[in-house]
Amino acid sequence: MFITSISPDDAIYVDDPSLLPQAVTLKQYTVLFGSETFAFTSYFLNSAVVASITALFSLIIGVIGAYSFTRLEYPGNTIIRRGVVVVYMLSAITVVVPLFMLISALGLVDTRLSLLITYTVSTLPLTLYMLWNYFESIPEAIEEAAMLDGYSRIEIIFRVIVPLSLPVLVATFLFAFKIAWNEYLFASVFLKSQAKLTLPIGIEQMNANFSNVWGQIMAASFLTTLPIIVMFLYLEKYMVEGLTAGAVEG
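The end of the sequence shown is residue 1014 by the numbering used here, with every number in the run present.
Written out as structure tokens, the structure is:
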């Protein structure tokens, strides 16, 4: 993908392409950013805003929900937890029609809010599952000591649990961000305006509406994967700690 994006057009459309480029050019990137028919920057910003807000909302709701699953006793707790796992197993294609009908009834078609709601709901089962497994490994004695100091439940969550759970919170945020960043199905159904499209839809339209632009498509695809790669590499330590911490009790 990267090699193709820095190759000149005459090196891309050959019968015997080389693994290493014979010549290097940034033309594909300059054309991509300078194009008046393909608003790459707009699509990139749309994806960044929607994915970031989705991950944040999913994390906040997930922290409170996962804490209630592991620390509070109420009727239906076990059933709800099992329901979360079942919902996570559902394919997006099975719910896209009823979700579109709901979004349409609310008058939210072709709005970013429709994606924020849908993506938050879609990522929440994974967020809840990751967090409650970790919260179960935190000794309740720590919370009991905080209660003796006069902390309320909300204060315990945000002043005790959250600081102790930083690695898994980072890992959970990244996974939710990645899911929202790469999502295609809901965005293709809910969005109509060019100015509101996200990157996956924009790249698909480039492939459908233009011919012989594989260099630009590869450049756009590489830039789409780059933020995820950078985030995972930069936060690798937290990712490893977050994914393994809940596996060991105590």
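Even for Gly, the Cβ is constructed at its ideal location relative to N, Cα and C.
Per-residue DSSP class, three states only, for residue i
i, result
"Val813", "helix"
"Tyr915", "coil"
"Asp874", "coil"
"Leu930", "helix"
"Glu947", "coil"
"Lys956", "coil"
"Val885", "helix"
"Ile965", "helix"
"Leu892", "helix"
"Gly1014", "Residue confidence for Gly1014 is low, a pLDDT of 41 falling below 50, so the modelled location carries little weight; the figure read from the coordinates is stated next. It is coil, neither helix nor strand."
"Asp780", "coil"
"Thr789", "coil"
"Tyr838", "coil"
"Val859", "coil"
"Pro991", "helix"
"Ala803", "coil"
"Met765", "coil"
"Val977", "coil"
"Leu879", "helix"
"Ile920", "helix"
"Glu907", "helix"
Whole-number beta carbon distance between residue j and residue i, since they are thought to touch under 8 angstroms
i, j, result
"Tyr831", "Ile906", "Actually they do not touch by this definition, with Cβ atoms about 13 angstroms apart."
"Ile770", "Pro781", "Rounded, the Cβ-Cβ distance is 13 angstroms, inconsistent with contact."
"Ala936", "Leu895", "The sequence shown places Thr at residue 936, rather than the Ala named in the question. With 8 angstroms as the limit, Thr936 and Leu895 qualify as a contact, their Cβ atoms being about 6 angstroms apart."
"Thr887", "Ser822", "4 angstroms"
"Leu796", "Ala951", "That pair is no contact at about 20 angstroms."
"Phe939", "Leu990", "About 18 angstroms separates the two Cβ atoms, so there is no contact after all."
"Glu877", "Gly826", "Residue identity check: residue 877 is Leu in the sequence provided, not Glu. Rounded, the Cβ-Cβ distance is 20 angstroms, inconsistent with contact."
"Phe864", "Phe954", "7 angstroms"
"Phe802", "Gly966", "7 angstroms"
"Leu880", "Thr818", "6 angstroms"
"Pro927", "Asn946", "Contact flag wrong, Cβ pair sits at about 30 angstroms."
"Val860", "Leu949", "6 angstroms"
"Glu900", "Thr834", "5 angstroms"
"Ser816", "Phe941", "7 angstroms"
"Ile932", "Tyr898", "Note that residue 932 corresponds to Val in the displayed sequence, not to Ile. Rounded, the Cβ-Cβ distance is 4 angstroms, consistent with contact."
"Ile824", "Trp978", "Rounded, the Cβ-Cβ distance is 41 angstroms, inconsistent with contact."
Spatial distance of residue i from residue j (CA atoms)
i, j, result
"Thr794", "Phe804", "11 angstroms"
"Ser985", "Thr768", "11 angstroms"
"Val994", "Leu912", "43 angstroms"
"Pro772", "Thr789", "6 angstroms"
"Ile925", "Lys960", "37 angstroms"
"Val814", "Ala787", "37 angstroms"
"Glu1013", "Glu1000", "In this prediction, Glu1013 has a pLDDT of 44, which is less than 50 and means its spatial position is unreliable; nothing more can be read from the coordinates."
"Val873", "Pro839", "36 angstroms"
"Ile828", "Met970", "41 angstroms"
"Ala972", "Gln980", "13 angstroms"
"Glu919", "Gly798", "50 angstroms"
"Gln958", "Tyr807", "9 angstroms"
"Ser929", "Ile992", "22 angstroms"
"Ala910", "Met853", "37 angstroms"
"Arg845", "Pro862", "23 angstroms"
"Ser916", "Phe766", "52 angstroms"
"Val885", "Lys791", "40 angstroms"
"Ile867", "Asp779", "48 angstroms"
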